[in-house]
Amino acid sequence: LVVTDADPEVLRPLVAALRDWLAPRLEATPPGVGWLLLEDLRRV
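Pasting the structure below:
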């Protein structure tokens with residue numbers, strides 16, 4: 004979990020790599036659970 008003021012475009016390559024790494028792990032969780040965990044971390 005990272006909080007930053009960096010421009011989103013600068014972070015795009017990091018996010019893409021992280022997405023590729025996380026996707027199979029999140030898909031292995033029961034339906035909806037993995038993605039709900041990420042949603043709970045979003046700033047409100």
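Position 6 (the sequence shown) corresponds to 9 in the numbering used here; numbering is contiguous.
The beta carbon of each residue, even a glycine, is placed where N, CA and C say it ideally should be.
Three-state secondary structure assigned by DSSP to residue i
i	result
residue 9	coil
residue 27	helix
residue 16	helix
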